[in-house]
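To start, the structure itself, in structure tokens.
2 protein chains.
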Amino acid sequence: LLAQSTLPQPSAPPFAVTPEDGQWSIPQKNFASTRYSDLSEINTDNVKSLQVAFTFSTGVNKGQESAPLVVGGTMYVLSPYPNILYALDLTRPGAPMKWQYNPKPAAAAQGVACCDVVNRGPTFANGRIFFTTLDAHVVAVNAETGEEVWKTKLGDINRGETMTMAPLVAKDKVFVGISGGEYGVRGWIQALDANTGQSVWKAYNTGPDQDVKIGPNFKPFYDSDKGKDLGVTTWPADAWQQGGGTVWGWLSYDPDLNLLYHGTGNPGPWNPNQRPGDNKWTAGIFARDPDTGEARWFYQTAPHDLHDWDNINELILLDMEWEGKPRKVLVHPGRTGFLYVIDRTTGEVLSAKPFHALTAVTGVDLQTGRIQYNSEKEPVNNRVIRDICPTAPGAKDWNPSAFSHKTGLLYIPHMNMCMDWESVEPNYIAGTPYVGAEVRMYPGPGGHMGEFTAWDIREGKELWTINERFPLWSGALATAGDVVFYGTMDGWFKAVHARSGEVLWQFKVDSGIIGQPTTYRGPDGKQYVAILSGVGGWAGAIVSGDLDPRDGTAAKGFANAMRELKNVTTKGGTLYVFKLP
Amino acid sequence: LLAQSTLPQPSAPPFAVTPEDGQWSIPQKNFASTRYSDLSEINTDNVKSLQVAFTFSTGVNKGQESAPLVVGGTMYVLSPYPNILYALDLTRPGAPMKWQYNPKPAAAAQGVACCDVVNRGPTFANGRIFFTTLDAHVVAVNAETGEEVWKTKLGDINRGETMTMAPLVAKDKVFVGISGGEYGVRGWIQALDANTGQSVWKAYNTGPDQDVKIGPNFKPFYDSDKGKDLGVTTWPADAWQQGGGTVWGWLSYDPDLNLLYHGTGNPGPWNPNQRPGDNKWTAGIFARDPDTGEARWFYQTAPHDLHDWDNINELILLDMEWEGKPRKVLVHPGRTGFLYVIDRTTGEVLSAKPFHALTAVTGVDLQTGRIQYNSEKEPVNNRVIRDICPTAPGAKDWNPSAFSHKTGLLYIPHMNMCMDWESVEPNYIAGTPYVGAEVRMYPGPGGHMGEFTAWDIREGKELWTINERFPLWSGALATAGDVVFYGTMDGWFKAVHARSGEVLWQFKVDSGIIGQPTTYRGPDGKQYVAILSGVGGWAGAIVSGDLDPRDGTAAKGFANAMRELKNVTTKGGTLYVFKLP
Ligand SMILES: O=C(O)c1cc(C(=O)O)c2c(n1)C(=O)C(=O)c1cc(C(=O)O)[nH]c1-2
Ligand SMILES: O=C(O)c1cc(C(=O)O)c2c(n1)C(=O)C(=O)c1cc(C(=O)O)[nH]c1-2
């Protein structure tokens with residue numbers, strides 16, 4: 006066990022340090038996305054006697070990535086496709102259903118979802134629940150009654166456009182993005198009027214500056230992001246039109262700076278030889294004006310991405326001292342394998358330290374901001390390149406870390422995997438996969454595929470790591486009781502000592518966990534912890550999609566690493582809520 | 006609360022009172038089908054602190070009727086179609102999967118299953134697990150390794166033949182029957198060689214004596230069951246060929262008398278005007294020689310059945326004093342609404358007392374053995390007959406009662422429902438429904454649809470009853486701790502004081518319960534209680550089959566009563582195992 010740094014701890018910004026209301030109303034918990042609760046009834050001493058309070062079936066045996074929300078006396082649970090929203094009455098024994106809302110998405114959407122038919126959760130604001138549907142609609146539902154307030158169609162499944170992300174609502178706007186980077190979808194983010202569902206602005210992540218909402222106020226920190234229409238000129242002719250850069254991950258918002266942060270997905274297709282150039286504005290982070298969509302800065306974690314390194318992971322907003330000066334930062338564990346600390350006012354990268362065994366990249370040049378690719382691992386058409394680490398899903402995927410306001414540490418659920426990759430020539434046909442790579446993944450050094458790491462942001466190094474057999478595909482939750490929670494793909498829900506990393510308690514749920522744990526204070530005043538079980542997502546598609554384990558290239562090469570998952574878990578879809586006796 | 010009778014208590018026969026081995030190796034627990042365990046660690050004092058030990062998803066969100074079995078350190082769980090058998094290792098934390106066996110039944114079987122795609126469980130004997138598949142196969146699987154030992158096809162789904170019952174294994178024979186009474190299937194029971202899966206004998210329940218295995222040793226108690234080829238002559242010409250009388254429920258076996266007991270299903274079609282006559286040998290009980298299949302006696306609970314009163318419910322073998330003399334009896338809560346006490350050596354009905362509010366029947370004539378139908382409630386073609394109680398699924402359906410060896414009481418999960426019925430003319434087309442009735446069901450007097458009753462067999466009356474909103478579709482479990490268990494369709498698993506009927510504990514599982522609770526002693530020496538959640542079956546098909554609640558005649562009229570079920574529960578399929586802290 007390493008000692009924590011003696012430098013002052015990073016802290017959540019003031020707007021994320023409101024008095025704990027015992028609710029969990031948005032998946033990120035707060036606009037800074039710390040996923041920390043100040044509840045402390047459940048602590049390192051008593052967590053060992055945690056027990057199941059009640060359970061609820063989502064009725065759908067697909068990957069359950071959604072965060073259970075609690076607002077007032079009601080819990081909200083969203084299922085994967087067909088995206089049924091359930092309201093459970095926490096004021097009554099067993100938390101019976103209050104209502105359910107079924108948006109009835111088009112069944113054909115299932116056919117163009119890249120990575121199981123998941124959804125990362127609903128979000129609450131002003132008496133309404135907002136969420137996306139797999140067939141690319143956004144809905145607003147009355148949180149009290151379950152009645153639909155509005156429903157807006159934003160994409161076309163015939164072009165491979167789907168939606169899986171959790172919206173973020175701020176300033177009476179619903180911020181949402183499109184999925185489909187594996188289908189050559191041209192990525193965008195939109196703001197909808199929270200009251201009407203009408204589009205207020207829409208910004209693309211490829212193409213001319215006007216479409217990207219790049220204007221006079223765009224001040225990227227690094228030179229390579231400066232210039233006119235880079236979203237066109239860093240691509241072969243017209244390639245930006247099927248260029249990916251989708252927005253399917255996490256948004257954060259700084260109300261003081263009035264900046265909205267979002268990542269952009271991989272460029273399409275995966276095969277990089279199809280698209281010489283930096284492929285702006287894919288695989289990076291945008292800071293935008295939430296009112297207009299105007300871009301303020303951009304940082305590209307993977308210029309000319311080689312390996313499907315979507316940059317949509319969580320963006321955690323913290324305040325910290327950096328080389329003696331206070332800085333407003335954005336902390337971001339990227340698919341590239343680096344933990345980025347970025348000045349969130351300017352886009353300057355303060356540090357980028359590896360949290361995964363790396364062969365494909367050697368570092369990040371802090372002068373230019375550019376990642377250093379290992380040329381030996383660069384894809385070449387029709388040749389198998391071996392031992393590329395991290396893999397296509399990255400050092401970590403969408404499943405969010407948590408930052409403890411108390412310990413000042415970041416808890417990162419991530420992977421330890423490598424892959425073989427062969428680039429092949431893809432064809433763009435609307436609504437069909439546009440990838441151009443044959444991949445096979447396998448465990449990284451040590452043979453385990455998952456790691457749960459406590460990270461010291463100041464020093465840029467891990468404090469401790471728990472190894473897991475399978476990739477970690479669940480989110481993390483940090484609490485004031487100094488207990489952090491996460492789940493494993495073989496179905497263990499675990500409570501860990503926030504400082505020592507000791508596993509204090511674990512419980513076997515009915516299916517693998519790829520969801521987001523949340524905690525809340527129930528109407529009885531007691532602290533509860535909630536998680537959905539139900540394996541799936543890209544990593545678990547072998548089980549949720551009944552894939553044939555003999556084909557290692559299934560699930561874009563993830564199946565190769567996950568054959569054994571079929572022997573240890575089954576499909577499911579159940580909410581578990583835990584409490585002390 | 007009524008006082009129990011002062012007469013000597015009925016008791017389980019000696020062959021069912023072996024020292025408790027802490028296992029639960031067949032769904033009935035023992036050949037007498039008492040579903041009683043002598044484990045008493047969990048008792049009326051401590052049951053209130055029962056908590057979830059571990060859970061497991063069957064991976065299938067359809068009605069889960071199966072009994073979790075425990076043999077040695079392994080638990081066996083069988084899913085509904087596609088009938089996957091799981092072995093869980095109880096000796097390891099979280100009871101991880103040891104193996105799974107998938108018989109890959111034909112998908113088309115789902116289209117001819119009358120009442121959801123359920124299965125009532127596997128059974129264990131001599132190192133093997135035996136079970137039926139929806140597409141009418143019986144399989145034997147090595148209990149240690151999960152390897153298939155044999156698999157025998159016994160029916161044709163193109164003729165509407167399916168299998169849902171739990172086999173009973175005795176004397177190296179596997180006794181199984183066919184489902185499909187709603188498809189004009191001609192019912193039978195067979196004995197297969199447990200080692201090879203080859204048929205040893207097969208007895209039909211309609212047709213010539215030879216097919217029915219009626220010979221010189223057939224000695225029914227009542228005159229109306231005597232005569233040559235009644236399986237032909239009590240039908241219109243050839244009607245017995247599509248006459249139903251299927252075997253899809255419970256078997257019991259008396260090794261001392263060497264008699265196998267099984268019920269027979271309703272005659273086909275439901276519309277009784279299509280089939281004047283007694284319609285032997287449907288809707289009754291056979292005692293057969295297990296070695297040859299020879300019939301020994303028969304008793305018909307519903308001659309010329311009017312209302313789909315299959316007689317396949319549990320047959321509980323007890324010893325008791327009757328009018329001062331010891332009798333070997335068979336206790337049977339029938340769909341007709343009567344609790345039959347029958348001399349199991351002779352087939353004489355000793356008593357038949359109502360346990361359900363009745364309008365369609367007035368009693369059972371103990372001289373003739375014949376049920377007395379209320380002529381006002383008899384179906385007439387094309388006229389709606391109202392307020393028929395009980396309904397088509399009967400006063401109770403397949404879900405088995407438990408008999409406590411300690412209290413001497415019978416615990417009956419049953420219904421309180423009535424229906425409107427209109428007979429219409431059906432056509433027999435192989436593989437399609439052959440019913441001829443439009444039915445709408447609704448709650449009986451008092452407005453609740455379920456009842457859990459403690460029954461005093463000696464006096465033939467209830468001691469106490471717990472009312473439930475929905476029909477009770479789960480089995481019961483009795484234990485030496487004087488705690489009885491059952492589950493509700495809205496998802497509560499309940500522990501009740503065996504004597505007072507007080508609800509001592511309840512837990513909200515993720516979906517409605519229609520399974521069979523079992524209990525066992527784990528490898529750690531502690532007592533556990535297991536139940537599958539997952540609503541469905543005939544009563545729950547509105548949820549498991551996504552039926553449109555606007556059509557009250559859906560699920561053969563059950564949907565009319567079950568509309569509200571959609572508002573209180575969701576599809577599921579999870580094993581819950583409970584233990585004391
Ligand atoms: O490029 C895209 O549009 C896109 C979409 C999604 C998605 O919407 O689920 C995933 C990915 N990419 C992706 O690269 C990825 O690793 C991934 C994992 C998962 C998941 O839910 O397990 N979705 C997605
Ligand atoms: O006549 C038959 O062959 C037959 C089969 C089945 C079955 O196999 O599930 C049921 C019934 N009938 C039936 O009448 C009935 O009430 C019923 C309920 C259920 C159930 O699992 O919920 N199955 C059946």
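In order, the protein sequences belong to chains G and Y.
Heads up: the first sequence begins at 6 in this note's numbering, then just goes up one per residue.
Heads up: the second sequence begins at 6 in this note's numbering, then just goes up one per residue.
Cβ atoms here follow ideal geometry from the backbone N, Cα and C, with glycine treated the same way.
Interface residue (Cβ-Cβ distance to chain G less than 8 Å): residue 273 of chain Y is not classified as such. With a threshold of 8 Å between beta carbons, residue 56 of chain Y makes contact with chain G.
Spanning the alpha carbons of residue 14 of chain G and residue 231 of chain G requires a straight line of approximately 34 Å. For a Cβ distance threshold of 8 Å, residue set 60 of chain Y lies close to residue 514 of chain G, ordered along the chain.
Per DSSP, the beta-bridge partners of residue 267 of chain G are G:256 and G:291.
DSSP, read as helix, strand or coil, puts residue 417 of chain Y in strand. Counting only runs of at least 3 residues, the segment 420-500 of chain G fully encloses the following beta strand (DSSP E) elements, listed from N- to C-terminal order: 422-428, 442-448, 455-461, 466-473, 482-484 and 488-492. The residue from Y:213, Y:330, Y:290 and Y:261 with its alpha-carbon nearest to that of residue 319 of chain Y is Y:290. In the three-state reduction of the DSSP assignment, residue 209 of chain Y falls in the strand class. Taking a Cβ-Cβ threshold of 9 Å, the residues of chain G close to residue 573 of chain Y are 101 and 102, in chain order. DSSP links residue 272 of chain G through a beta bridge to G:249. Partner residues in the beta bridge of residue 526 of chain G, as assigned by DSSP, are G:532. Rounded to whole angstroms, residue 249 of chain G and residue 271 of chain G show a C-alpha spacing of 6 Å. Taking a beta-carbon distance threshold of 8 Å, residue 88 of chain G does not count as an interface residue toward chain Y. Ranked by how close their Cα comes to the Cα of residue 441 of chain Y, the residues Y:405, Y:32 and Y:313 have Y:313 in first place.
Neighbours of residue 147 of chain G in chain Y, taken as residues at a C-beta separation under 7 Å, are lacking, since the least C-beta distance is about 17 Å. Checking the 7 Å criterion, the Cβ of residue 143 of chain G is out of range of every heavy atom belonging to ligand 1. DSSP places residue 542 of chain G within a helical segment (H, G or I) once states are collapsed to three. At a cut-off of 7 Å, the beta-carbon of residue 505 of chain Y does not count as near ligand 2: no heavy atom of the ligand is closer than that. Annotation for residue 80 of chain Y: the continuous beta strand (DSSP E) segment containing it runs 79-83. About 6 Å separates the CB atoms of residue 212 of chain G and residue 237 of chain G; that is less than 8 Å, so the two are in contact. Between the segment 48-56 of chain Y and the segment 539-559 of chain Y there are fewer than three inter-stretch CB-CB distances shorter than 8 Å, so the stretches are not counted as touching. Listed in chain order, the beta strand (DSSP E) elements of length 3 or more contained wholly in the segment 130-180 of chain Y are 133-137, 142-147, 153-158 and 173-175.
In this model, residue 193 of chain G and residue 251 of chain G are separated by some 6 Å (Cα to Cα).
For residue 96 of chain G, the closest alpha carbon among the candidates G:77, G:165 and G:421 is that of G:77.
Annotation: the segment 187-247 of chain Y contains the following complete segments of the alpha helix (DSSP H) (minimum length 4 residues), in chain order: 214-217 and 235-238. The alpha-carbon of residue 49 of chain Y is positioned some 10 Å away from that of residue 504 of chain Y. Residue 576 of chain G reaches chain Y at 62 and 64, counting residues in chain order whose Cβ is nearer than 7 Å. Contact check for residue 247 of chain Y against residue 439 of chain Y passes: the beta carbons are separated by less than 8 Å. Per DSSP, residue 92 of chain Y lies in no alpha helix (DSSP H); the unbroken beta strand (DSSP E) holding it starts and ends at 90-94. Using a Cβ-Cβ cut-off of 8 Å, residue 579 of chain Y is close to 60, 62, 515, 577 and 579 of chain G, given in chain order. Under DSSP, residue 386 of chain Y shares a beta bridge with Y:428. For residue 352 of chain G, the CB contacts under 7 Å within the same chain, skipping 5 residues up- and downstream, are 225, 226, 292, 302, 303 and 304 in chain order. The C-beta of residue 349 of chain Y has 16 or more other C-beta atoms within 10 Å across all chains shown, which makes the residue buried.
Non-local C-beta neighbours of residue 298 of chain Y in its own chain, meaning closer than 6 Å and more than five positions away in sequence, comprise 206, 208 and 218, ordered along the chain.
Annotation: the continuous beta strand (DSSP E) that includes residue 358 of chain G extends over 354-359.
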